[in-house]
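So the structure is just underneath, and the comments pick up after that.
Residue numbers (full-length UniProt numbering): 1 to 366.
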């Protein structure tokens, strides 16, 4: 076929990394990522004294009662969008403490710094929603090395976790609408043995998720006609508390150890200038092979699809910058500079007149 006979799409050559530079590019990128990971690992011990000092401030009687409620109330948009109105009510009423640990890093500064442990503390006397005084959610950074049928090496890595059950005082108070309980039921059933997809708990959870998706689609259609600034929708399609049901892929500690060992041996060869398989191969991937490898049957039973992203945001932003967000909660939301007293009073009268017609705010700032 001559060049003139080819379609426009076939004749267009999209820009790409030169073939002879691909391996060097990939190795340089991996070296930078490994350096960033080591920096994160060393920062755990470096920041520990500062976080300990911060905890002393948070524990002051005048600060502690509403510190974390205020922090969540001032959360950045990337986190706030995960918190529905019902979630905000629970957090504002009962959340009294939050701690984040990179618990797989030991005293010698060795270990995986991306693994996270969240400890949420609630006041049982003020919590009218559930009985748990403490909720501990652990995320493990896991790696899995796979081979396609054509022999190409594929790596998956990310956060995995076990679901944490919340003992709701009444089913009607559960903002996840039973999804968290269903996720925990499936996890408990798996521990007793049996193929996951054949378990009745798996089928029940998948059905609940399908129903949720249908309801969300209906809500989206209804909202098209009338959207407001207080649109109460989450990227996960459900409550913030579905975060406690996040699982990720089913990768055991043993599988992770094998993958890490293989990857370290591979990197040692690269560092010594040795050639390793796949590095010189074309990036024209076998998509069908990749799809089969990367699909996990837990995906269809995942109640918090954005769980990993939310965990990283909570640890790296909200918790790390908690003092900043607490201080922001006291800032006046409007700029009154330059406004005459008469204008302020007129604005106040207008607000009172319109108050009854306005939808309730998602979260109130004090």
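Where is the CB? At the ideal position from N, CA and C, for every residue including glycine.
Nothing here was measured: the structure is a model prediction, and the numbers come from that model.
Beta-carbon gap between residue i and residue j smaller than 8 Å
{"i": "residue 212", "j": "residue 184", "result": "no"}
{"i": "residue 79", "j": "residue 298", "result": "no"}
{"i": "residue 159", "j": "residue 238", "result": "no"}
{"i": "residue 145", "j": "residue 136", "result": "no"}
{"i": "residue 139", "j": "residue 115", "result": "yes"}
{"i": "residue 71", "j": "residue 322", "result": "yes"}
{"i": "residue 243", "j": "residue 307", "result": "yes"}
{"i": "residue 245", "j": "residue 163", "result": "yes"}
{"i": "residue 69", "j": "residue 92", "result": "yes"}
{"i": "residue 89", "j": "residue 318", "result": "no"}
{"i": "residue 120", "j": "residue 134", "result": "yes"}
{"i": "residue 209", "j": "residue 303", "result": "yes"}
{"i": "residue 27", "j": "residue 270", "result": "yes"}
{"i": "residue 301", "j": "residue 202", "result": "yes"}
{"i": "residue 86", "j": "residue 329", "result": "no"}
Whole-angstrom distance between residue j and residue i, CA atom to CA atom
{"i": "residue 81", "j": "residue 122", "result": "22 Å"}
{"i": "residue 118", "j": "residue 34", "result": "25 Å"}
{"i": "residue 283", "j": "residue 272", "result": "Confidence at residue 283 is low in this model, with a pLDDT of 47, below 50, so the placement of that residue should be treated as unreliable; the coordinate-derived value is given next. So the alpha carbons of these two residues sit roughly 24 Å apart."}
{"i": "residue 128", "j": "residue 276", "result": "59 Å"}
{"i": "residue 359", "j": "residue 217", "result": "Confidence in residue 359 is poor, its pLDDT being 43 and thus under 50, which makes the residue's placement too unreliable to answer from."}
{"i": "residue 373", "j": "residue 141", "result": "Absent from the model: residue 373. The displayed extent of the chain is 1 to 366, so no value can be given."}
{"i": "residue 193", "j": "residue 258", "result": "24 Å"}
{"i": "residue 161", "j": "residue 44", "result": "21 Å"}
{"i": "residue 125", "j": "residue 191", "result": "34 Å"}
{"i": "residue 24", "j": "residue 309", "result": "30 Å"}
{"i": "residue 153", "j": "residue 175", "result": "42 Å"}
{"i": "residue 47", "j": "residue 36", "result": "16 Å"}
{"i": "residue 52", "j": "residue 59", "result": "11 Å"}
{"i": "residue 19", "j": "residue 110", "result": "37 Å"}
{"i": "residue 199", "j": "residue 181", "result": "15 Å"}
{"i": "residue 50", "j": "residue 65", "result": "21 Å"}
{"i": "residue 316", "j": "residue 331", "result": "23 Å"}
{"i": "residue 325", "j": "residue 254", "result": "40 Å"}
{"i": "residue 196", "j": "residue 16", "result": "42 Å"}
{"i": "residue 149", "j": "residue 157", "result": "20 Å"}
{"i": "residue 67", "j": "residue 320", "result": "14 Å"}
{"i": "residue 264", "j": "residue 30", "result": "12 Å"}
{"i": "residue 187", "j": "residue 312", "result": "23 Å"}
{"i": "residue 21", "j": "residue 147", "result": "24 Å"}
{"i": "residue 84", "j": "residue 268", "result": "47 Å"}
{"i": "residue 260", "j": "residue 274", "result": "19 Å"}
{"i": "residue 169", "j": "residue 177", "result": "13 Å"}
{"i": "residue 327", "j": "residue 113", "result": "28 Å"}
{"i": "residue 262", "j": "residue 32", "result": "19 Å"}
{"i": "residue 229", "j": "residue 151", "result": "Model confidence at residue 229 stands at a pLDDT of 48, short of 50, so the residue's coordinates are unreliable; what they give is reported in the following sentence. Rounded to whole angstroms, residue 229 to residue 151 spans 51 Å at the Cα level."}
{"i": "residue 55", "j": "residue 296", "result": "40 Å"}
{"i": "residue 96", "j": "residue 167", "result": "18 Å"}
{"i": "residue 280", "j": "residue 207", "result": "Caution applies to residue 280, whose pLDDT of 46 falls short of 50 and renders its modelled position unreliable; the model cannot decide the point."}
{"i": "residue 61", "j": "residue 98", "result": "16 Å"}
{"i": "residue 305", "j": "residue 205", "result": "14 Å"}
{"i": "residue 214", "j": "residue 171", "result": "21 Å"}
{"i": "residue 77", "j": "residue 266", "result": "40 Å"}
{"i": "residue 189", "j": "residue 63", "result": "43 Å"}
Counterpart residues of residue i in DSSP-defined beta bridges
{"i": "residue 143", "result": "157"}
{"i": "residue 119", "result": "99 and 136"}
{"i": "residue 130", "result": "168"}
Neighbour flag for residue i against chain C, beta carbons, 8 Å
{"i": "residue 324", "result": "As a matter of chain content, chain C is missing from the structure shown, which is built from one protein chain."}
Practice problem: May I have a chain-ordered list of the alpha helix (DSSP H) segments no shorter than 4 residues that lie completely inside the stretch 152–221? | Solution: 179–191
Exercise. Please determine if the stretch 37–54 and the stretch 97–114 are in contact, where contact requires at least 3 C-beta pairs separated by less than 8 Å.
Key: yes
Exercise. Scan the stretch 49–82 and note each continuous alpha helix (DSSP H) run of 4 residues or more that stays entirely inside, going in chain order.
Key: 67–73 and 77–80
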